[in-house]
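Have a look at the structure below, then the notes.
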Amino acid sequence: MNILVCVKRVPLTGGKITLTEDEQAIQTRHLGFTVSPHEECAAEEAIRLVEAHGGESVVLTLGPTEAEEQLRDMMAIGIDRGIHLVADGGEWDSQATAQAIVGAVREDGAAFDLILFGNESADAGNYQVAVRVAYALGLPVVNGIKVISVDGAGLRCERERTSHPPGRDVYSVPTPAVVSVLEGINLPRYPSVPGRMRAKRKPLVASEPARAQPRLQMVRLRLPEGSSKQAEVLGHGAEAAPRVVEILSEIGVM
Amino acid sequence: MTTLVFMESAGDELSQQAVTFAGGLGGEIAAIVFDQAEAYAPAAWAQTLVELAQERSAGAVVAPGTDRGNEVLAHIAAKLDQPMSANCMSVIPGDPATVIRMRWGGSLLEEAMVHGAPLLLSVAPHAVAATPVADVEPISVSASASEGDRVVRVTETVPASSAGVSLADADVVVSGGRGVGSAEGFSVIEELAALLGGAVGCSRAVTSAGWRPHSDQVGQTGTKISPEIYIACGISGATQHMAGCKGAKRLLAINPDGEASIFASADYAVIGDLHEVVPAISAEIRKARGT
């Protein structure tokens with residue numbers, strides 16, 4: 026089973042987001058970077074499926090030069106090789122991103138049985154790149170998947186319902202297919218030191234796709250208004266307990 | 026201009042909010058509900074909406090920012106090769122239209138210009154309150170019968186096991202973060218949650234460490250909660266976490282670090298080690314109840 030997994034480099038935002046002066050990006054001078062959470066699980070799922078069924082796993086990212094760090098991280102936990110679409114600093118909208126990924130899939134030439142995505146990126150949250158790639162390649166697509174199992178000529182995919190009644194929806198999807206997953210489908214492993222060493226020698230190809238004119242064109246970012254509150258300090262340590270219970274009684278949850 | 030609205034069901038609150046949001050675009054609204062007896066098939070539903078949009082020369086298609094709302098809209102966007110704006114807070118129609126949309130689960134907003142027609146917008150949950158819009162009677166339709174669009178459809182549904190209080194619906198949620206220190210450390214959190222008839226939650230640091238299952242995670246990539254009170258213990262308040270609990274009516278934060286960012290979002294603060302504070306609260310509840 027040959028699997029491509031698409032990931033995105035995003036900042037580790039911590040407790041408070043600060044914007045750059047031109048309001049075009051998050052101020053990342055003091056931040057680390059990571060793979061967007063749903064996609065980290067997509068990479069782990071690719072590794073597990075290849076471990077169980079054989080084949081090759083490939084990780085792709087569209088991002089700045091520094092995003093090689095995230096590709097190497099994914100190769101350190103077991104992905105076999107990487108594709109880096111080196112992007113300029115500007116914002117790529119979903120259509121431009123999908124177009125570049127489709128171009129890379131065709132260029133690569135490997136016959137992927139499965140292309141995995143995260144359901145939505147942590148930062149932009151556009152909920153559509155997987156679907157656009159699927160349509161361009163003429164493949165079936167399912168989203169928000171929490172369980173994947175190989176079932177005959179296809180995949181059995183389960184999705185939790187957030188609307189009522191609660192439960193899980195099951196899809197039978199013929200391969201090749203595009204699947205987007207959610208965090209919780211697995212618990213991603215941590216890279217080992219030998220894994221990191223091996224990752225340095227794994228093949229990685231880089232190219233610079235042309236950016237299509239954005240049709241969802243970011244103008245600026247801003248922080249939501251006035252969410253800062255002045256908390257009432259109920260006390261320090263165990264001595265605060267009686268006051269906490271008073272509050273719980275007032276609210277009516279006792 | 027006609028705006029087509031995809032509703033998950035006539036009674037669904039987030040879908041009603043999408044109708045209210047669409048009212049802000051002016052013109053006529055056609056609210057569409059799919060026959061609830063039919064299996065969900067996103068591409069087929071999208072195809073039907075594309076055909077309805079074309080028949081009615083719709084200037085916009087609006088969906089709730091739910092799993093299915095965003096998914097069906099993404100299929101429409103791919104079929105029409107038009108831009109889609111997910112989780113919008115507001116829109117100013119025009120050419121180009123201007124939207125304000127959520128990023129980072131609502132921790133950040135983006136102002137963007139949308140070049141394309143029809144406008145494809147999903148509505149951020151609770152961006153607007155649902156108000157009855159005059160003369161909007163949902164139209165019930167059947168999905169496109171095209172075989173190609175029915176390849177992916179729900180073939181089976183598995184009911185949820187009804188064990189305990191669900192995190193999403195609980196009136197009280199007691200969560201632990203990295204400060205709990207271990208899987209075993211959650212016993213004090215579980216005890217307090219049980220005394221209050223609430224649910225246990227946790228932060229992403231906890232699920233990543235394997236101390237709790239992912240189903241307990243409150244956050245941008247976990248469950249979104251809306252309890253009467255949220256008791257967050259040993260949680261620093263990363264944006265990832267706060268995106269999941271901003272629907273809580275009240276937030277009580279317990280943290281030894283008085284500078285922790287969670288206090289900036291809290292209604293009540295207890296400065297201290299959760300391993301002392303939480304058992305003391307449980308003991309105080311028992312005392313108050315005489316048990």
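Protein sequences, first through last, are from chains C and W.
Per my numbering, the very first residue in the first sequence carries number 26; after that it's consecutive.
Per my numbering, the very first residue in the second sequence carries number 26; after that it's consecutive.
Where is the CB? At the ideal position from N, CA and C, for every residue including glycine.
If you're wondering where the values come from, they're calculated on a predicted model, not measured in any experiment.
Asked, Found
"Would you call Gln-153(C) buried or exposed, if buried means 16 or more other Cβ atoms sit within 10 Å of its Cβ?", "buried"
"What residue ranges within the segment 169–218 of chain W form continuous beta strand (DSSP E) runs of no fewer than 3 residues, ordered along the chain?", "179–184 and 197–201"
"Taking only beta-carbon positions, decide if Pro-201(C) is within less than 9 angstroms of chain W.", "no"
"If you run the structure through DSSP and keep just helix, strand and coil, what is Thr-200(C)?", "coil"
"Ends of the alpha helix (DSSP H) at Thr-264(W)?", "264–270"
"Does any C-beta atom of chain C lie closer than 9 angstroms to the C-beta of Ser-261(W)?", "yes"
"What is the residue span of the alpha helix (DSSP H) that Leu-299(W) lies within?", "299–314"
"Since Leu-146(W) and Val-124(W) should fall inside the 8 angstroms C-beta cutoff, what is the C-beta to C-beta distance between them, to a whole number of angstroms?", "7 angstroms"
"Rounded to whole angstroms, how far is the Cβ of Ser-307(W) from the Cβ of Leu-217(W), which I believe are closer than 8 angstroms?", "5 angstroms"
"So within the segment 42–86 of chain W, which uninterrupted beta strand (DSSP E) runs reach at least 3 residues, ignoring any that extend past its ends?", "53–59"
"Taking its Cβ as the centre, do 16 or more other Cβ atoms sit within 10 Å of Pro-22(W), making it buried, or is it exposed?", "A query on residue 22(W) cannot be resolved here, the shown segment of chain W reaching from 26 to 316 and no further."
"Which same chain residues end up closer than 6 angstroms to Ile-296(W) when comparing Cβ atoms and leaving out the 5 residues on each side of it in sequence?", "Gly-283"
"Please name the residue or residues paired with His-109(C) in a DSSP beta bridge.", "Thr-86(C) and Ala-231(C)"
"Please check the pair Ile-51(C) and Pro-62(C), which I expect to be a contact at CB under 8 angstroms, by giving their CB distance rounded to whole angstroms.", "No, Ile-51(C) and Pro-62(C) are not in contact; Cβ-Cβ is about 16 angstroms, not under 8 angstroms."
"Does the contact criterion of 3 or more C-beta pairs under 8 angstroms hold for the segment 78–91 of chain W versus the segment 123–143 of chain W?", "yes"
"Considering just the uninterrupted stretch of the alpha helix (DSSP H) at Ala-273(W), what are its terminal residues?", "Neither: Ala-273(W) is in no alpha helix (DSSP H) and is coded neither H nor E."
"Take the Cβ of Pro-238(W) as the centre, count every other Cβ of all protein chains shown within 10 Å, and call the residue buried at 16 or more, exposed below.", "exposed"
"Between His-63(C) and chain W, is any beta-carbon pair separated by less than 9 angstroms?", "yes"
"Mind checking if Glu-16(W) is an interface residue toward chain C, Cβ cutoff 9 angstroms exclusive?", "Beyond the ends of chain W as shown, which are 26 and 316, falls residue 16(W); an answer cannot be given."
"So Ser-205(C) and Arg-181(C) are supposed to be a Cβ contact under 8 angstroms. How far apart are they, rounded?", "Actually they are not in contact, since the Cβ atoms of Ser-205(C) and Arg-181(C) sit about 16 angstroms apart, beyond 8 angstroms."
"So which residues on chain C does Leu-277(W) lean against when the C-beta distance must stay under 8 angstroms?", "Leu-259, Val-269 and Ile-272"
"What are the uninterrupted segments assigned as beta strand (DSSP E) that are 3 or more residues long and contained completely in the segment 104–132 of chain W, given in chain order?", "109–117 and 122–128"
"Anything in the segment 40–53 of chain C with a Cβ closer than 7 angstroms to a Cβ of chain B? List those residues in chain order, please.", "Considering every chain present, this structure includes no chain B. Its protein chains are C and W."
"Mind pulling the chain C residues with CB within less than 8 angstroms of Arg-128(W)?", "Asp-148, Ala-149, Gly-150 and Leu-246"
"Along chain W, which residues have their Cβ under 9 angstroms away from the Cβ of Lys-254(C)?", "Leu-276, Phe-288, Ala-289, Ser-290, Ala-291 and Asp-292"
"Give the C-beta separation of Leu-141(C) and Ile-108(C) to the nearest angstrom, bearing in mind that I take them to be a contact with Cβ-Cβ under 8 angstroms.", "Actually they do not touch by this definition, with Cβ atoms about 14 angstroms apart."
"Say whether chain W places a C-beta atom closer than 9 angstroms to the C-beta of Met-243(C).", "yes"
"Helix, strand or coil, according to DSSP, for Lys-33(C) in the structure here?", "coil"
"Report the three-state DSSP secondary structure of Ile-260(W) (helix, strand or coil).", "coil"
"Counting only Cβ pairs nearer than 9 angstroms, list the residues of chain C close to Glu-253(W).", "Ile-276, Gly-277 and Val-278"
"Out of curiosity, what's the CA-to-CA distance linking Gly-179(C) and Gly-88(C)?", "31 angstroms"
"Please return the same chain residues whose Cβ sits closer than 8 angstroms to the Cβ of Glu-76(W), not counting the five positions on each side in sequence.", "Ser-169"
"What are the boundary residues of the beta strand (DSSP E) that includes His-261(C)?", "257–261"
"The alpha helix (DSSP H) that contains Leu-145(W), what's its start and end?", "Unbroken run through Leu-145(W) is the beta strand (DSSP E), 144–148; no alpha helix (DSSP H)."
"On the DSSP letters alone, give me the boundaries of the beta strand (DSSP E) that Gln-95(C) sits inside.", "Element bounds for Gln-95(C): not the beta strand (DSSP E) but the alpha helix (DSSP H), 93–101."
"Check whether chain W comes within 9 angstroms of Leu-212(C), counting only Cβ atoms and requiring the distance to be less than that.", "yes"
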